[in-house]
Amino acid sequence: MVVQRHGHRGGAAAVVSVVFGAVVATGCSGGGGGPQAPDGVDERPGGGHPVLAAAVDGLIAAGSALARTSMETVTGGTRVTIQGDGGYDFRRRMGRLTVVLPRDPAGAEEHLPVTELLTPGALYMKNRGAGVPADKWVRIDTTTLEDGNLVTGGATDPLAAAELLRGARTARLVGHERYEGATVRHFRGTADIAYAARRARPHARGALAAAAKGFTTMTVPFDAYVDDEGRLRKVKHRFSFSNGTESAAVTSTTVLFGFGTPVTVRLPDPGDIYSGRIRS
Numbered sequence: 026m027v028v029q030r031h032g033h034r035g036g037a038a039a040v041v042s043v044v045f046g047a048v049v050a051t052g053c054s055g056g057g058g059g060p061q062a063p064d065g066v067d068e069r070p071g072g073g074h075p076v077l078a079a080a081v082d083g084l085i086a087a088g089s090a091l092a093r094t095s096m097e098t099v100t101g102g103t104r105v106t107i108q109g110d111g112g113y114d115f116r117r118r119m120g121r122l123t124v125v126l127p128r129d130p131a132g133a134e135e136h137l138p139v140t141e142l143l144t145p146g147a148l149y150m151k152n153r154g155a156g157v158p159a160d161k162w163v164r165i166d167t168t169t170l171e172d173g174n175l176v177t178g179g180a181t182d183p184l185a186a187a188e189l190l191r192g193a194r195t196a197r198l199v200g201h202e203r204y205e206g207a208t209v210r211h212f213r214g215t216a217d218i219a220y221a222a223r224r225a226r227p228h229a230r231g232a233l234a235a236a237a238k239g240f241t242t243m244t245v246p247f248d249a250y251v252d253d254e255g256r257l258r259k260v261k262h263r264f265s266f267s268n269g270t271e272s273a274a275v276t277s278t279t280v281l282f283g284f285g286t287p288v289t290v291r292l293p294d295p296g297d298i299y300s301g302r303i304r305s
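Taking my numbering, the leading residue of the sequence shown gets 26, the next gets one more, and so forth.
What follows is the structure, encoded as structure tokens:
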């Protein structure tokens, strides 16, 4: 999983190589649309979406949850999917995921699962890539990533995915659905990364602000599912990248369940963090 950052915020900006070099995305482009409020009622810019903002707060009130993640990337006709499984403590703002990478296109042996520890401002990874000892962790400052770790780690931080909804510029109620035994309201709309960075809680502002500087277009389409207790149960974001000659679409999905399940995250000791060169 190699992160390369080049250039400026336009044209050839923010080269992010995801899935151990399987996907390269440069710059970002997305759709647009006018602001709307709950149930399709128009809402003026600057107001956000109260139901979605409350759903983010509902996660913090719930304390913790189990999580499943999926990141699907399509570039040059090739589709790659990364699956993650773990849990998140929304009050401590820390999570742990086991991320399973796909088999190499050439048919080589499958990668070992990557363990990811998610914290405010930092991402820790074990089984990080070539050149890293098996017993060492790699630490990445997410505020230095041009995507704010929305896609780099192969899984969007569940709390960052939720906080991005605070930047909803458009949202309409698609309808009520049954999802994993619960009745949920399905909202569809677009979020603005820069707007979300301004409205997010302090722990998420740094990463979202970094993403706001790195993407050429701030608009991110989403589908969000909120249960009867006002908690976010599922969110899907669709990121689009282009370097002018090749484009890539990244769909990041986060599913939350098992609310209140204890989630333990122990950060590595300083001596367990690898500081050497990482080969691509």
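C-beta: ideal position from N, C-alpha, C; glycine also.
Return the CA-CA distance between ARG256 and PHE264, expressed in angstroms with no decimal places.
Translated into positions along the sequence shown, residue 256 becomes position 231. Translated into positions along the sequence shown, residue 264 becomes position 239. Using only the alpha carbons, I get a separation of about 24 Å.
Closest to ALA186 by C-alpha separation, out of SER300, ASP253, ILE303, LEU84, would be which residue?
In the sequence shown, the residue the question calls residue 186 occupies position 161. Per the Cα distances, LEU84.
Applying the criterion that 16 or more other CB atoms from any shown protein chain within 10 Å of the CB defines a buried residue, is ARG230 buried or exposed?
Translated into the one-based positions of the sequence shown, residue 230 becomes position 205. It counts as buried.
In the structure shown, what three-state DSSP assignment does ALA229 receive?
Within the sequence shown, the letter at position 204 stands for residue 229. Helix, per DSSP.
Exposed or buried, which one is ILE107 when buried takes at least 16 other CB atoms within 10 Å?
Translated into the one-based positions of the sequence shown, residue 107 becomes position 82. Burial call: buried.
To test your reading of the DSSP string, which unbroken alpha helix (DSSP H) runs of 4 or more residues are found completely within the region 151 to 193?
Listed in chain order, the complete alpha helix (DSSP H) runs (minimum 4 residues) inside the region 151 to 193 are 183 to 188.
Exposed or buried, which one is ARG194 when buried takes at least 16 other CB atoms within 10 Å?
Stepping through the sequence shown from its first residue, residue 194 is reached at position 169. The residue is buried, with at least 16 neighbouring Cβ atoms inside 10 Å.
Taking Cβ positions only, does VAL245 come closer than 8 Å to chain B?
In the displayed structure, chain B is absent; only one protein chain is listed.
Alpha carbon to alpha carbon, what distance is there between ALA87 and ARG224?
Numbered from 1 along the sequence shown, position 199 holds the residue referred to as residue 224. Numbered from 1 along the sequence shown, position 62 holds the residue referred to as residue 87. Answer to the nearest angstrom: the Cα atoms are 21 Å apart.
In this structure, what does DSSP give as the bridge partners for LEU281?
Stepping through the sequence shown from its first residue, residue 281 is reached at position 256. Bridge partners of LEU281: ALA92.
Measuring alpha carbon to alpha carbon, tell me which residue in ARG121, GLY120, LEU142, VAL163 is nearest TYR299.
Counted from its first residue, the sequence shown places residue 299 at position 274. The residue with the shortest Cα to Cα distance from TYR299 is VAL163.
Rounding to the nearest angstrom, what Cα-Cα distance links GLU202 and LEU281 in this structure?
Walking along the sequence shown from the start, residue 202 turns up at place 177. Walking along the sequence shown from the start, residue 281 turns up at place 256. So the two alpha carbons sit approximately 16 Å from each other.
With distance defined between alpha-carbon atoms, name the residue in ASP114, ARG121, ALA196 nearest to ALA249.
Within the sequence shown, residue 249 is the residue found at index 224, counting from 1. If we check each option's Cα against that of ALA249, ALA196 comes out closest.
In the DSSP output, what is ALA274 paired with across the bridge?
As a first step, residue 274 must be located in the sequence shown, where it is residue number 249. Answer by DSSP bridge pairing, in chain order: VAL99, SER265.
Under 8 Å between the Cβ atoms of GLY120 and VAL288?
Locating residue 120 in the sequence shown gives position 95, counting from the first residue. Locating residue 288 in the sequence shown gives position 263, counting from the first residue. A contact, by the Cβ cut-off of 8 Å.
Is it the case that the Cβ atoms of PRO138 and VAL125 are separated by a distance below 8 Å?
Taking the first residue of the sequence shown as position 1, residue 138 is located at position 113. Taking the first residue of the sequence shown as position 1, residue 125 is located at position 100. The answer is yes: Cβ separation under 8 Å.
Output yes or no for whether 8 Å exceeds the beta carbon distance between THR215 and THR169.
Position 190 of the sequence shown, counted from the first residue, corresponds to residue 215. Position 144 of the sequence shown, counted from the first residue, corresponds to residue 169. Going by C-beta atoms, THR215 is not nearer than 8 Å to THR169.
Please state if the CB of ASN174 and the CB of LEU148 are separated by a distance shorter than 8 Å.
Here residue 148 refers to the residue found at position 123 of the sequence shown. Here residue 174 refers to the residue found at position 149 of the sequence shown. Yes, they are a contact pair.
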